[in-house]
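Colleague: Numbering-wise (our numbering), the sequence shown opens with residue 16 and increments by one.
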Amino acid sequence: MKFQDRSQIEALAKFKSQGDLVTSFYMDTDKGRMNRKEIHLVLKNLLNEAKDRACGLSISKEKTESVLRDLDLIAEYGSQALGTSNAAGLAVFSASQRKFWQPLELPHGPRSRVIFDANFYVRPLASILDKYSHICALLIDRREAVWYDVSMGEIKFLDKLLSDVPSRVRDGGFEGTSAKRIERRIDAHLQEHYKKAAQKTFELSKKHPFDWLFIASEENHGPDFESHLHSYLCDKVKARLHSRVSDSPAKVLQEVLEVESRLKKAEEEEVVQKLITELERGGLATSGLRDTIHRLNQFEVQTLVVTHNFSRPGRICPTHKFLYLDELKCPIDDKKTDIVQDLIDEAIETVLKRGGTVRQVEPPSKLDRYGGIGAFLKYKA
Ligand SMILES: [Zn+2]
16 MKFQDRSQIE
26 ALAKFKSQGD
36 LVTSFYMDTD
46 KGRMNRKEIH
56 LVLKNLLNEA
66 KDRACGLSIS
76 KEKTESVLRD
86 LDLIAEYGSQ
96 ALGTSNAAGL
106 AVFSASQRKF
116 WQPLELPHGP
126 RSRVIFDANF
136 YVRPLASILD
146 KYSHICALLI
156 DRREAVWYDV
166 SMGEIKFLDK
176 LLSDVPSRVR
186 DGGFEGTSAK
196 RIERRIDAHL
206 QEHYKKAAQK
216 TFELSKKHPF
226 DWLFIASEEN
236 HGPDFESHLH
246 SYLCDKVKAR
256 LHSRVSDSPA
266 KVLQEVLEVE
276 SRLKKAEEEE
286 VVQKLITELE
296 RGGLATSGLR
306 DTIHRLNQFE
316 VQTLVVTHNF
326 SRPGRICPTH
336 KFLYLDELKC
346 PIDDKKTDIV
356 QDLIDEAIET
366 VLKRGGTVRQ
376 VEPPSKLDRY
386 GGIGAFLKYK
396 A
């Protein structure tokens, strides 16, 4: 099944394990970055590592058997899915003891990992969802208009409109004032067509809410049409497309996705540039994993800026929940710290729990030169 919306996250979050351990599996299967052989190797290593970890957990024999069964099912499903699916990512949620099984194809590669817990681990799904906007693509020409809904890399036809607008005056037929009168009449028809299209766009925005509106209009009539748009919709116009009313949905989708990824990239670059400017002027910002974690432990982080899929193990103090790169003992109470599989993930969770924001940046970016992670800090009281 394809991962498409928040309702799937909610369903997984609601699952009750009744005290059993359940398995959440995530894997980056982006064939743009790895070939099939490499991907299969990642799957094998990931599951072997998870198996060792499962056997090392101090839990009952039945619980261990249940997660090992999860891993067997995932191994079987994974090697088959990797051969047939072209998705950039794969997730599986399994609770063999409860006979629960939910694989999801992801439109964007997550950090590869296996998590055993009392609940399914769904935050990577939420972070993928954040990467996509809900887009309405409107293609309009002198007679026709067609609306598409684009979300999570998929396109759906929404509606179309066909108006009776006469063609432009043909050469040589009319002269002088009568030609002008006919032109005016055609213009009136055209404006009526645009008005109807604008009205329909507004109605559709209520039925299928979207974040961004992309418009393709022929013959440079864009401003003419947009003057009829509701001001609420004008704020959502984020791009003009070259696609035509007659283009296939697949062709329209391709252009929409290219433009969307360009816009997202520009947004991310802006955040990173703001962070760098703040760092360079010695303002309220920090960078690098060690300093960022330290500031987080000091409750100073407002917005965490982190490279997508950046991951490394670390340690956590069980009492204070402070995070450390390599401290074996918490410097505050001298207690032994626990290993965490992914320090960055813990940091993201901490920031979100405290009501901060997290911005994920697709690599490569200028953030790489600053250790792949940084943060905007709060004003000190
Ligand atoms: Zn501590």
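Ideal placement from N, C-alpha and C gives every residue a C-beta, glycine not left out.
What number of angstroms, rounded off, separates the C-alpha of HIS323 from the C-alpha of GLU273?
Modeller: The straight-line gap from Cα to Cα measures roughly 19 Å.
Colleague: Sorry if obvious, but does the Cβ on HIS335 come closer than 7 Å to a heavy atom of ligand 1?
Modeller: HIS335 Cβ: within cutoff of ligand 1.
Colleague: Flag this pair as touching only if the region 210-223 and the region 156-173 have three or more C-beta atom pairs under 8 Å; answer yes or no.
Modeller: Yes, the region 210-223 is in contact with the region 156-173.
Colleague: In its own chain, which residues sit with a C-beta less than 7 Å from the C-beta of ASP353, not counting the 5 before and 5 after it?
Modeller: Excluding positions up to five away in sequence, the list reads ARG330, ILE331 and PRO333.
Colleague: Would you give the residue range spanned by the beta strand (DSSP E) that PHE115 belongs to?
Modeller: Here the beta strand (DSSP E) through PHE115 covers 115-121.
Colleague: Here's a check: name, in chain order, each residue in its chain whose Cβ is nearer than 6 Å to the Cβ of VAL180, leaving out the five neighbours to either side.
Modeller: The answer, listed in chain order, is ARG157, ARG158, HIS204, LEU205 and HIS208.
Colleague: Can you pull the DSSP bridge partners for SER263?
Modeller: In DSSP, SER263 forms no bridge with anything.
Colleague: Go ahead and label SER166 buried or exposed: buried means 16 or more other beta carbons lie within 10 angstroms of its beta carbon, across all protein chains shown.
Modeller: Counting Cβ neighbours within 10 Å, SER166 comes out buried, since at least 16 surround it.
Colleague: To the nearest whole angstrom, what separates the beta carbons of LEU4 and VAL366, a pair I think is in contact under 8 Å?
Modeller: Nothing about residue 4 can be reported from this structure: the residues present for the chain run from 16 to 396 only.
Colleague: Thinking C-alpha only, which one of LYS59, ARG68, PRO346 and LYS253 is nearest ILE89?
Modeller: The residue with the shortest Cα to Cα distance from ILE89 is LYS59.
Colleague: With contact counted as at least three CB pairs below 8 Å, one residue from each stretch, are the region 30-38 and the region 76-92 in contact?
Modeller: Segments in contact, yes.
Colleague: Inspect the beta-carbon positions of PRO125 and TYR41 and report whether they are closer than 8 Å.
Modeller: Yes, the pair counts as a contact, with Cβ atoms nearer than the cut-off.
Colleague: What ranges does the alpha helix (DSSP H) occupy inside the region 58-99, keeping only unbroken runs of at least 4 residues that lie completely in it?
Modeller: DSSP runs (the alpha helix (DSSP H)) wholly in the region 58-99: 76-99.
Colleague: Indicate whether the contact test is met: 3 or more Cβ pairs, each with one atom in the region 228-239 and one in the region 248-263, closer than 8 Å.
Modeller: The region 228-239, when compared against the region 248-263, does touch it at the 8 Å Cβ threshold.
Colleague: Please state whether the Cβ-Cβ distance between SER380 and GLU283 is less than 8 Å.
Modeller: Taking 8 Å as the Cβ cut-off, SER380 and GLU283 qualify as a contacting pair.
Colleague: Quick one: what's got a C-beta closer than 6 Å to HIS421's C-beta in the same chain, skipping five residues either side?
Modeller: Within the shown structure, residues of the chain are numbered from 16 to 396, placing residue 421 beyond reach of any answer.
Colleague: Using the Cβ count rule (16 or more neighbours within 10 Å means buried), how would you classify LEU343?
Modeller: Per the 10 Å Cβ criterion, exposed.
Colleague: DSSP state of VAL316, grouped into three classes?
Modeller: In this structure, VAL316 counts as strand in the three-state DSSP scheme.
Colleague: Taking GLN375 and VAL316 to be in contact with their CB atoms under 8 Å, please state how far apart those CB atoms are, rounded to whole angstroms.
Modeller: That belief does not hold up - the Cβ atoms of GLN375 and VAL316 are roughly 15 Å apart, past 8 Å.
Colleague: At a cut-off of 7 Å, is ASP353 close to ligand 1 when judged by its beta-carbon and the heavy atoms of the ligand?
Modeller: No.
Colleague: Identify every residue that forms a DSSP beta bridge with THR372.
Modeller: In the DSSP output, where bridge partners are listed per residue, THR372 has THR318.
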